[in-house]
Each structure stands twice: as structure tokens, then as C-alpha cells.
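Asker:
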Amino acid sequence: MSIVSPGIIRRDNRPGHGSLLALTRAALIFGRLDQRLHTHPLLPAILFRERLEAARACAAVDGFLIDPWHLAAELEGLKPRVVGESAYERGDVIDAARAAFEQYLWLARPDGRQKDAMVPPEALLQAEARQAGPLLGAARAFHHWIETGHDRSSMRGALVSFWQESHLLRTPLPLVAARAFASDAPWSPSEWIPLFLSRLAEDAQAMEQRVIALEHGWRMARAKASGQRSTSRATAALDFIAAFPVLSASRLAGMLGISLKAAYLHLERFLAEDLIVEVTHRSARRLFALKGMAPLREAVRPPRRPLPGRSRGRPRRDEDILPQLPPEPMGPSAMTDLSRRSPEPIDYTALEEALAAADAAMTRFRSVID
Numbered sequence: 001m002s003i004v005s006p007g008i009i010r011r012d013n014r015p016g017h018g019s020l021l022a023l024t025r026a027a028l029i030f031g032r033l034d035q036r037l038h039t040h041p042l043l044p045a046i047l048f049r050e051r052l053e054a055a056r057a058c059a060a061v062d063g064f065l066i067d068p069w070h071l072a073a074e075l076e077g078l079k080p081r082v083v084g085e086s087a088y089e090r091g092d093v094i095d096a097a098r099a100a101f102e103q104y105l106w107l108a109r110p111d112g113r114q115k116d117a118m119v120p121p122e123a124l125l126q127a128e129a130r131q132a133g134p135l136l137g138a139a140r141a142f143h144h145w146i147e148t149g150h151d152r153s154s155m156r157g158a159l160v161s162f163w164q165e166s167h168l169l170r171t172p173l174p175l176v177a178a179r180a181f182a183s184d185a186p187w188s189p190s191e192w193i194p195l196f197l198s199r200l201a202e203d204a205q206a207m208e209q210r211v212i213a214l215e216h217g218w219r220m221a222r223a224k225a226s227g228q229r230s231t232s233r234a235t236a237a238l239d240f241i242a243a244f245p246v247l248s249a250s251r252l253a254g255m256l257g258i259s260l261k262a263a264y265l266h267l268e269r270f271l272a273e274d275l276i277v278e279v280t281h282r283s284a285r286r287l288f289a290l291k292g293m294a295p296l297r298e299a300v301r302p303p304r305r306p307l308p309g310r311s312r313g314r315p316r317r318d319e320d321i322l323p324q325l326p327p328e329p330m331g332p333s334a335m336t337d338l339s340r341r342s343p344e345p346i347d348y349t350a351l352e353e354a355l356a357a358a359d360a361a362m363t364r365f366r367s368v369i370d
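Taking full-length UniProt numbering, I'd label the letters of the sequence shown as residues 1 to 370.
#1: Inspect the beta-carbon positions of Ala249 and Leu256 and report whether they are closer than 8 Å.
#2: Is Ala234 near the ligand GDP, in the sense that its beta carbon is under 7 Å from a heavy atom of that ligand?
#3: Could you give the distance in angstroms between the alpha-carbon of Pro194 and the alpha-carbon of Thr148?
#4: Who are Ala289's beta bridge partners in DSSP?
#5: According to DSSP, is Leu247 part of a helix, a strand, or is it coil?
#6: Terminal residues of the continuous alpha helix (DSSP H) containing Pro174?
#7: Whole angstroms is fine: what's the gap from residue 396's alpha carbon to Leu275's?
#8: May I ask you to list the residues that DSSP assigns as paired with Val300?
#9: Would you identify the three-state DSSP class for Leu136, choosing helix, strand or coil?
#10: Whose CA, out of His40, Ala263 and Ser154, lies closest to the CA of Leu125?
#11: Identify which residue in Leu75, Thr349, Arg25 and Ala354 has its Cα closest to the Cα of Ala108.
#12: Beta-carbon within less than 7 Å of Phe64's beta-carbon, same chain only, minus the 5 sequence neighbours each way: which residues are those?
#13: Just verifying my parser: in three-state terms, what is the DSSP assignment at Leu159?
#14: Is the region 126-145 close to the region 85-94, with three or more CB pairs under 8 Å?
#15: For Met255, name the three-state secondary structure that DSSP assigns.
#16: Leaving out the 5 sequence neighbours to the left and right, which residues in its chain are closer than 6 Å to Leu325 when beta-carbon positions are compared?
#17: My output table needs one value for Phe270: the three-state DSSP class, helix, strand or coil.
#18: Could you tell me whether the Cβ atoms of Met118 and Ala60 are closer together than 8 Å?
#19: With DSSP collapsed to three states, give me the class of Pro41.
#20: Take Ala22 as the anchor and find which of Ser198, Trp163 and Ile241 has the nearest alpha-carbon.
#21: Restricting to Cα atoms, I'd like to know which of Ala361, Leu267, Ser188 and Val300 is closest to Ala242.
#22: Go to Asp92, then tell me how far its alpha helix (DSSP H) extends in each direction, as first and last residue.
#23: Could you work out which residue in Ala221, Val246 and Ala54 is closest to Ala204 when comparing CA atoms only?
#24: Which word fits Met207, buried or exposed, when buried means at least 16 other C-beta atoms lie within 10 angstroms of its C-beta?
#25: Assign Ser190 to buried or exposed, taking buried as 16 or more other Cβ atoms, counted over all protein chains shown, within 10 Å of its Cβ.
#26: Just tell me which of Leu43, Gln114 and Gln35 has its CA closest to the CA of Trp218.
#27: Could you check what DSSP says for His143 in three-state terms: helix, strand or coil?
#28: Rounded to whole angstroms, what is the Cα-Cα separation between Arg25 and Cys58?
#29: In whole angstroms, give me the CA-to-CA distance for His40 and Phe48.
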């Protein structure tokens, strides 16, 4: 695997001391991470999580803060919890989710428009890599791309495929050094290029630690599920659950070649042993994941359930959907039949006196006028 081409020793392309240290560190970590992830059994789940984290980091640098599990719920077709007290706060969350989703598409599933936009940065990356190698060439190409007034997203998407095309990585890992574009980052090439390489190395090292944590959880779950008879499919079921972000009982049954009832028996047992989590809060169309995906359950909004005492369907317009309070208890004196009580006579004495006084005042007024 060629990481640095011979062109880097030319005097006009010779990097500074800081670039050499950052370049060496990034090359070592890239090689170690590529070796760990090549043909990894949990690769689909790893890519899902790392693309979420990369999309979150890119959106954060661009000014949009979002919980990656909120984005995960959106990607899996689940309804996320409503975040924010006011309409403005909820609008900010929606804008951040849209920005993070756009970054996710650039990194994982670019559409036709995005693929066309990635052609020029890919050509620039290849040209710089021929003279300075893939890592240093990528740093110089990214700096030149931004310096000439282009956007970050297209270069980020181009980097994912460039790492594979340059034989630096064999897996499409979203290593784009998003934090190199923080607001306080220097921009002169002599300072920014070592910073970019350092951020690449830090992102790769953090990714490696997350992979190790996922592997540990997977092995612990397999150890707890062991001890079954030789024909048990429990271990294989856990392998499939760990390999995918979320998994339904029907898909698990199809992959294992067992009945839907048998798949549910495995899943219910894993839930009871606290090996997996159910992320949908539902009794039907349930989705399951390894315990490390527990934050996704917190980000998913539970389904709305009818109030006690209400029938199914939408309430009628004139129906009071608030719960009815029980009537206050009435004492024995209030239990008499009001319809049988005779009405009390009305006293008009005060009214007659007032009318007489008014008549007397009018008479005096007329006598004065006359």
C-alpha cells in the first residue's frame, strides 16, 4: 500500500517539519484502521455509525448542531422526538437535521447532481496526489479548492472515494477532517495543512476507539448467549443484529432460515438478558439493535396512544378530548328533588318605593319648569 509517493522529496514540494510529523502520524493510523476494518463482520453497522458522526461533525462546523441519533431515526424511517419548546427552536432542529442529512448524502449516497459536482475536486485530488502522495496531496488540494471559492461538501464527498482510489483505504470511510474548518483555525498553507493532517489522524483514531467499543459489546453479548445446544442459532442471531444498525424479526428470520416465531423467541430472550434494545416503542413492526444503539431508542418518539376510555379513530370536533373529572359528591341535603320544591314569593316592596320616589322627583321638576 503506497502512502507517500517519491514526488514528495522534490524541493518544490517538500513539506515543513510540522507537516512531516502530522503526515507520519496520519499514515500510521490510516494503515492500522484499514487493517482492522478489512472484511470486518460488523462493517455495515460501523459505516452507519461513522457516517452519522461525520455528518454531525460537518454540519456542526457549518453552523448546524444536531444529535446524531436524531439523524439516525430519520434515516431509519422512525419518527424522532420533538425537540424544543417554541416553534423557533423546533425550526432550528429541522434546519439542522436537513443540513446533516445533506452532508450524509455527500458522504454516503451522493445523487446524480452531487456526483457531477464531485468530478472537479476528484481531478484536483488526483493531480496533487501524483506530486505529493495521497495524504499531503489531499491537504493541498482541499486548501486550493477552498481558496478558489468552492464549497466544502463536494470536496468532502470526493475525499471518501479518493481514499479508496489511491489505495490508501479499502473501505469507504468518511474521514474528511471536518474540524480543520473550525472558526479559529489558521488559514495559511504552512499552518493549515499540518492542522488538516492532524485532524485526519484524530478522526481516524477516534473511529478506531469506537470500533473497539463496538467489538467489545458484541463479544460480551456472544459470551452471554453461549452455552446453548449445538443446534442453537442464538450466536448467529446476535452476529446479524450486531452487523446491522437496526433489524426486524422478519429480516432476522429470513437470514437465519427460521420461522418468525423462533426469531421472536430469540429476540425476547436477548431483551430479557439485556443484550439488545428495542428502539421503536411499539408492539408491532418492532426494530431491534445491539445495546450500543440504546441512544437511538431515546431519540425515537413513542407512538401516540388513545386516552383511556376513548374509542379508536380521530375524535369528533365537538368531543371533549380532555379527561373528565369525576363529579363532586353531593351531601344528603342536596339530593332532594329540585323540581318538587315550591318557588319562594318575590318581594317587590323596595322596587315600588323606588318608583314612587322617581315619580315625586319628576313632579317637582315639572313644577319648577312651569
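Beta carbons: idealized from backbone N, C-alpha and C, even for Gly.
These figures come from a predicted structure and were not determined experimentally.
Answerer: In short, the structure shows the following:
#1: For the purposes of this step, residue 249 is taken as residue 249 along the sequence shown, with counting starting at 1. For the purposes of this step, residue 256 is taken as residue 256 along the sequence shown, with counting starting at 1. Against a cut-off of 8 Å, the Cβ pair of Leu256 and Ala249 comes out as no contact.
#2: No copy of the ligand GDP appears in this structure; indeed no ligand is present at all.
#3: As a first step, residue 194 is located in the sequence shown; it is residue number 194 there, counting from the start. As a first step, residue 148 is located in the sequence shown; it is residue number 148 there, counting from the start. One C-alpha to the other measures close to 20 Å.
#4: For the purposes of this step, residue 289 is taken as residue 289 along the sequence shown, with counting starting at 1. Bridge partners of Ala289: Val277.
#5: Stepping through the sequence shown from its first residue, residue 247 is reached at position 247. Looking at Leu247 - three-state DSSP - the assignment turns out to be strand.
#6: Locating residue 174 in the sequence shown gives position 174, counting from the first residue. Neither: Pro174 is in no alpha helix (DSSP H) and is coded neither H nor E.
#7: Residue 396 falls outside the range modelled here, since the chain spans only 1 to 370, and no answer is possible.
#8: Within the sequence shown, residue 300 is the residue found at index 300, counting from 1. In the DSSP output, where bridge partners are listed per residue, Val300 has Pro80.
#9: As a first step, residue 136 must be located in the sequence shown, where it is residue number 136. Judged by DSSP in its simplified three-state form, Leu136 adopts helix.
#10: As a first step, residue 125 is located in the sequence shown; it is residue number 125 there, counting from the start. Ranking the options by Cα distance to Leu125, first place goes to Ser154.
#11: The residue labelled residue 108 in the question sits at position 108 within the sequence shown. Checking every option, the nearest Cα to that of Ala108 belongs to Leu75.
#12: As a position in the sequence shown, residue 64 is number 64, starting the count at 1. Here the set comprises Asp95, Ala96, Ala99 and Ala100.
#13: By one-based count along the sequence shown, residue 159 stands at place 159. It is helical.
#14: no
#15: Your numbering for residue 255 matches position 255 in the sequence shown. Reduced to three states, the DSSP call for Met255 is helix.
#16: Numbered from its first residue, the sequence shown carries residue 325 at position 325. Since pLDDT at Leu325 reaches only 43, below the 50 mark, its modelled position is unreliable, and the value read off the structure follows with that caveat. Excluding sequence neighbours, Leu325 sits near nothing in its chain.
#17: Numbered from 1 along the sequence shown, position 270 holds the residue referred to as residue 270. Of the three classes helix, strand and coil, the one that applies to Phe270 here is helix, per DSSP.
#18: For the purposes of this step, residue 118 is taken as the residue at position 118 of the sequence shown. For the purposes of this step, residue 60 is taken as the residue at position 60 of the sequence shown. No, the Cβ-Cβ distance between Met118 and Ala60 is not below 8 Å.
#19: One-based indexing of the sequence shown puts residue 41 at position 41. In the structure shown, Pro41 sits in coil (DSSP, three-state: anything other than H, G, I, E or B).
#20: Counting from one through the sequence shown, the residue named residue 22 turns up at place 22. Considering only alpha carbons, the answer is Ser198.
#21: Along the sequence shown, one-based indexing puts residue 242 at 242. Selected option, being the one with the closest Cα: Leu267.
#22: The residue you call residue 92 lines up with position 92 of the sequence shown. Ala87 to Leu107 is the extent of the alpha helix (DSSP H) around Asp92.
#23: The residue labelled residue 204 in the question sits at position 204 within the sequence shown. Of the candidates Ala221, Val246 and Ala54, the one whose C-alpha sits nearest the C-alpha of Ala204 is Ala54.
#24: Along the sequence shown, read from residue 1 onward, the residue named residue 207 stands at position 207. Its Cβ being crowded by 16 or more others within 10 Å, Met207 is buried.
#25: Counted from its first residue, the sequence shown places residue 190 at position 190. It is exposed - the Cβ of Ser190 has fewer than 16 other Cβ atoms within 10 Å.
#26: Position 218 of the sequence shown, counting from 1, holds the residue named residue 218. It is Leu43 whose Cα lies nearest to the Cα of Trp218.
#27: Here residue 143 refers to the residue found at position 143 of the sequence shown. In the three-state DSSP reduction, His143 falls in the helix class (H, G or I).
#28: Counting from one through the sequence shown, the residue named residue 25 turns up at place 25. Counting from one through the sequence shown, the residue named residue 58 turns up at place 58. The straight-line gap from Cα to Cα measures roughly 22 Å.
#29: Sequence index remark: in the sequence shown, residue 40 carries index 40 (1-based). Sequence index remark: in the sequence shown, residue 48 carries index 48 (1-based). A straight-line Cα-Cα distance of about 14 Å links His40 and Phe48.
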